[in-house]
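Peer 1:
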Amino acid sequence: MKNLLSFGVIALMTLSIVSCDSSEKKKTAPAENKISNDTYTYSIDPSGASVSWTAYKFTDKVGVSGVFDSFELTVGGEKESLDDLLKESKLAVYTNSVNSNSDIRDPKLRASFFKVFNTDTITGNIKEAKNGKGLLDLKMNAIEKPLEYTYMYKRDTLFLKASINLDTWNGQDAIKALNEVCSDLHKGTDGLSKLWPDVDVRIKLPVKKTLATK
Numbered sequence: 326m327k328n329l330l331s332f333g334v335i336a337l338m339t340l341s342i343v344s345c346d347s348s349e350k351k352k353t354a355p356a357e358n359k360i361s362n363d364t365y366t367y368s369i370d371p372s373g374a375s376v377s378w379t380a381y382k383f384t385d386k387v388g389v390s391g392v393f394d395s396f397e398l399t400v401g402g403e404k405e406s407l408d409d410l411l412k413e414s415k416l417a418v419y420t421n422s423v424n425s426n427s428d429i430r431d432p433k434l435r436a437s438f439f440k441v442f443n444t445d446t447i448t449g450n451i452k453e454a455k456n457g458k459g460l461l462d463l464k465m466n467a468i469e470k471p472l473e474y475t476y477m478y479k480r481d482t483l484f485l486k487a488s489i490n491l492d493t494w495n496g497q498d499a500i501k502a503l504n505e506v507c508s509d510l511h512k513g514t515d516g517l518s519k520l521w522p523d524v525d526v527r528i529k530l531p532v533k534k535t536l537a538t539k
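Counting from 326, one number per residue, gives the positions in the sequence shown under the numbering used here.
(1) Look up N456 in the DSSP assignment and give the residues it is bridged to.
(2) Going by DSSP, which residues form a beta bridge with I429?
(3) For T482, which three-state DSSP category applies?
(4) Could you tell me how far apart the beta carbons of A374 and P531 are, in whole angstroms, since I believe they sit closer than 8 Å?
(5) Between which two residues does the alpha helix (DSSP H) harbouring E403 extend?
(6) Could you check if K470 belongs to the surroundings of the ligand FAD, using beta carbon to heavy atom distance under 8 Å?
(7) Among residues of its own chain, excluding the 5 on either side of N450, which ones have a beta-carbon nearer than 7 Å to its beta-carbon?
(8) Roughly how many angstroms lie between the CA atoms of Y381 and L434, to the nearest whole one?
(9) Which two residues bound the contiguous beta strand (DSSP E) that contains R520?
(10) Take L536 and list the residues in its own chain whose beta-carbon comes closer than 7 Å to its own, dropping the five residues that flank it on each side.
(11) Please classify A467 as buried or exposed, where buried requires at least 16 neighbouring CB atoms within 10 angstroms.
(12) Is it buried or exposed, I447, if we count other Cβ atoms within 10 angstroms and call 16 or more buried?
(13) Does G496 pass the burial test, meaning 16 or more other C-beta atoms within 10 Å, or should it be called exposed?
(14) Can you find the residues in the same chain that come closer than 6 Å, C-beta to C-beta, to S368, ignoring five residues on each side of it along the sequence?
(15) Within the continuous alpha helix (DSSP H) that includes A436, where are the two ends?
(16) Within 9 Å of any Cβ in chain D, is that where the Cβ of S425 sits?
(17) Do you know how far the Cα of Y419 is from the Cα of S395?
(18) Within the same chain, show all residues whose beta-carbon is closer than 7 Å to that of D385, passing over the 5 residues directly before and after it, in chain order.
(19) Exposed or buried, what is G459 when buried is set at 16 or more other beta-carbons lying within 10 Å of its beta-carbon?
(20) Once the 5 residues before and after A417 are set aside, which same chain residues still bring their CB inside 7 Å of it?
(21) Thinking C-alpha only, which one of L520, L503, T493, G457 is nearest E469?
(22) If I measure Cβ to Cβ from H511 and keep anything under 8 Å in the same chain, skipping five residues before and after, which residues do I get?
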């Protein structure tokens, strides 16, 4: 009788422990992830924008970089996507503000390149933007041509990049004129003076992300 009673007590204790354990697991089960229905709008902060460039000299194609200190950016208001934010944006770059951080080179860029190139303002109008690629109309030397570009969004900033071949805008005379006044500066280890028609342009556009009101 004692053995039977002891067995019953043990069984009840075991059942109680299992029941408590199961209850505890239910309490600590992780909650399901909730899907956010929040939507945002995007706008560009023109005051924080920048336009930089890299040209190339020497037969080895060594880069020389600089910026344009003065430009005007025209953008729309708030948009629901980054693609829409870029579309129809316009940029006017004033070439007299070219800055390569060289008091010797910069006056030559203004007088012997941009003046010969007949370009005091470079304009770019974005026509397309989708999935990191786009198309803009670029006007220099009184010639407007389409130009492909790429873009990426990182750390609340849009980064645009385009590669320009100045020959497309009849830049041969301007390249020749600049290479003549900078002949010694454009000579590489092979002794040849070389200025390439290729220029890489990068544009940085800070973006403000705002929770849309419902």
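Yeah, the Cβ is synthetic: ideal placement off N, Cα and C, and Gly gets one too.
Peer 2: Quick answer:
(1) As a first step, residue 456 is located in the sequence shown; it is residue number 131 there, counting from the start. Bridge partners of N456: none, in fact.
(2) On the sequence shown, position 104 is the one that residue 429 refers to. Its beta-bridge partners do not exist; DSSP assigns none.
(3) Working through the sequence shown from its first residue, we reach residue 482 at position 157. Of the three classes helix, strand and coil, the one that applies to T482 here is strand, per DSSP.
(4) What you label residue 374 is simply residue 49 of the sequence shown in a count that begins at 1. What you label residue 531 is simply residue 206 of the sequence shown in a count that begins at 1. Between P531 and A374 the Cβ distance is about 7 Å, and since that is below 8 Å, they are a contact.
(5) On the sequence shown, position 78 is the one that residue 403 refers to. E403 -> no alpha helix (DSSP H), and no H or E assigned at all.
(6) The model depicted lacks the ligand FAD and carries no ligand whatsoever.
(7) One-based indexing of the sequence shown puts residue 450 at position 125. Once the five neighbours on either side are set aside, the close Cβ partners of N450 are K415, L461, D462.
(8) Within the sequence shown, residue 381 is the residue found at index 56, counting from 1. Within the sequence shown, residue 434 is the residue found at index 109, counting from 1. Taking the straight line joining both Cα atoms gives about 14 Å.
(9) Translated into positions along the sequence shown, residue 520 becomes position 195. The sequence as given places Leu at residue 520; Arg does not occur at that position. From DSSP, the beta strand (DSSP E) with L520 extends over 520-536.
(10) Counting from 1 along the sequence shown, the entry for residue 536 is found at position 211. Shown here for L536: same chain residues with a beta carbon closer than 7 Å to its own, the five before and five after excluded, namely D363, Y365 in chain order.
(11) If you number the sequence shown from 1, residue 467 lands on position 142. Classification for A467: exposed.
(12) Taking the sequence shown and counting its residues from 1, the one referred to as residue 447 is at position 122. I447 is buried by the Cβ-count criterion.
(13) The count along the sequence shown starts at 1 and reaches residue 496 at position 171. Buried: at least 16 other Cβ atoms inside 10 Å.
(14) The residue you call residue 368 lines up with position 43 of the sequence shown. If we look at S368 and ignore the five residues flanking it on each side, its Cβ neighbours are E403, K533.
(15) Locating residue 436 in the sequence shown gives position 111, counting from the first residue. Run containing A436: none; DSSP gives neither H nor E here.
(16) Among the chains of the structure shown, chain D does not appear; only one protein chain is present.
(17) For the purposes of this step, residue 395 is taken as the residue at position 70 of the sequence shown. For the purposes of this step, residue 419 is taken as the residue at position 94 of the sequence shown. Cα to Cα, S395 sits roughly 6 Å from Y419.
(18) For the purposes of this step, residue 385 is taken as residue 60 along the sequence shown, with counting starting at 1. Within the same chain, D385 has close Cβ partners G513.
(19) What you label residue 459 is simply residue 134 of the sequence shown in a count that begins at 1. Buried, by the Cβ-count rule.
(20) Walking along the sequence shown from the start, residue 417 turns up at place 92. F396, E397, T446, T448.
(21) What you label residue 469 is simply residue 144 of the sequence shown in a count that begins at 1. Per the Cα distances, T493.
(22) Position 186 of the sequence shown, counted from the start, is the residue given in the question as residue 511. Within the same chain, H511 has close Cβ partners K382, F383, N504, S518, K519, L520.
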